[in-house]
Amino acid sequence: MCGVMSDESLHQPHDKLVKAGFEDIPSAVAFFEGVFPPAVKRWLDFGDVGLVSGSYISKKLRKRESDLVFRIGRWEADGGKPGEPKEDVFVYVLFEHQSTPERWLALRLLTYIAAFLQKFVEKHPDARALPVVLPVILAQNNRRWALSPRFADLFALADEMAKDVAEFIPAFTFRLIQLAEIPFDKIWGTPLGIMTLRVLKAGSQGKDSLMSDAVWDQSLMVRLPPDALERIFHYIFGVGEIDLESIREKIFEIENEPVRNKAMTIAEQFRMEGRQEGRHEGVLIGQIQLLQRLLGQDVADTKILSMQTLDQLEALRRRLEHGLKR
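Heads up: the sequence shown is residues 817 to 1142, going by our numbering.
Here's what the structure looks like:
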């Protein structure tokens, strides 16, 4: 295997990959072009797009989701032709890395948007109106979610009552983009955007998908900047737990020499990290078994201990050392 990742680091590859891909403004714009309908896009100046700093996700949820906010210039109502820009429009993108749907996702999204608007008011005390925020959720799921994008659907109301109280219920809709619904060859965007979403989709499906031709698409790989290509390979090798022999076979199929060399370099890095981790694991297991003998305990089987993470082995060793000192 290429390596074992801690629970905390398991989220990091998804987060780093998707943010790096979408922080590329041309890739973000190409994605938005396929997300919003013409009636919305006619107001948006995609030649005036920028990132807004800050995250609005609660700390306890940062291991399963991440977010980005984009500022987009807004045109006058002139049929979509360039006119005099007015106030900015914002796009709030929530990246969901969990595989199962969350019933209250729309409620959580509303709190994030409210937090953004509150911060906007604090930063612009002279503002006379709130800016428009277009919410988008990108789900890295492997099965389709039966989830309504309408906030009002969270309320269980009979039709007659729903009509009577509608004016008192917050009403907004978000765009829900589910990777589980989109075939690999239908993912749209720039080469970087397409590769980012293909790899994220494959990552939710397992190592077989990560080794598929849709992911190892040389026609796209050769068009990626070196740093983006490196992130792609780090993600594939880091989350897939793919055996090195399979990786070598795939690398040898790459015809482009710079791409092949980049893949070989990163694969070798993972191989060396795996060897170092294996040595550390062996030392810890030996220390644990010695401490168990000194304490007169039954010595744990090596195979059982090897199933533990390095953090778990470290914790067990510390407990045994503490017991020996008592």
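In this text, a Cβ means the ideal position worked out from N, Cα and C, and glycines have one as well.
For proline 951, the uninterrupted beta strand (DSSP E) segment begins and ends at 949 to 955. Look at phenylalanine 906 here: in three-state DSSP terms it is strand.
Alanine 955 counts as buried, since no fewer than 16 other beta carbons sit within 10 angstroms of its beta carbon.
The C-alpha of phenylalanine 1000 lies about 6 Å from the C-alpha of alanine 1030. The closest CA to that of histidine 913, considering only Glu1071, Pro941, Leu921, is found on Leu921.
In the pairwise beta carbon analysis, the segment 968 to 980 is classified as not touching the segment 944 to 958: fewer than three pairs are separated by under 8 Å. For the 7 Å CB-CB criterion, leucine 1040 and leucine 995 do not form a contact.
Between glycine 870 and aspartate 975, the alpha-carbon positions lie close to 40 Å from each other.
Contact annotation: isoleucine 1101 and threonine 1118 have beta-carbon atoms nearer than 7 Å. The alpha carbon of lysine 832 has as its nearest neighbour, out of Val1015, Leu1136, Leu1060, Asp1024, the alpha carbon of Val1015. Leucine 1136 is classed as buried because its beta carbon has at least 16 other beta carbons within 10 Å across all chains shown. For glutamine 994, the three-state secondary structure derived from DSSP is strand.
Glutamate 918 sits in coil when the DSSP states are folded into three classes, being neither helix nor strand. CA-to-CA, the gap between serine 915 and leucine 1107 works out to about 41 Å.
In this structure, DSSP gives phenylalanine 1068 a helical state, which the three-state scheme calls helix. Nearest to valine 834 by C-alpha distance, out of Glu1061, Met1011, Leu1110, Ser1025, is Met1011.
Note on geometry: alpha-carbon atoms of histidine 1138 and methionine 1123 lie some 23 Å from one another. Between serine 874 and the set Arg924, Leu884, Trp891, the nearest pair of CA atoms involves Arg924.
DSSP places arginine 887 inside the beta strand (DSSP E), whose first and last residues are 881 to 890. Shortest Cα-Cα distance from glutamate 918 to any of Glu839, Lys1002, Leu877 involves Leu877. Contact check for phenylalanine 838 against leucine 884 passes: the beta carbons are separated by less than 7 Å. DSSP, reduced to helix, strand and coil, places aspartate 942 outside both helices and strands of the structure shown, so it counts as coil. DSSP places valine 1038 in the coil class of the three-state scheme, outside both helix and strand. Going by DSSP, phenylalanine 848 is part of the alpha helix (DSSP H) stretching over 841 to 851. For aspartate 980, the uninterrupted alpha helix (DSSP H) run begins and ends at 975 to 981, by DSSP. The Cβ-Cβ distance between leucine 933 and leucine 950 does not fall below 7 Å. For threonine 989, the beta-bridge partners assigned by DSSP are Arg966.
In this structure leucine 1013 is not in contact with glycine 1019, their Cβ atoms being roughly 10 Å apart against a cut-off of 8 Å.
Counted as a single uninterrupted DSSP element, the stretch harbouring aspartate 1127 is not any beta strand (DSSP E) but the alpha helix (DSSP H) occupying residues 1126 to 1141.
Between the alpha carbons of glutamate 983 and phenylalanine 852 lies a distance of about 26 Å.
Secondary structure at leucine 933: helix, using DSSP grouped into helix, strand and coil. Nearest to aspartate 1024 by C-alpha distance, out of Ile998, Asp864, Phe1053, Leu1036, is Phe1053.
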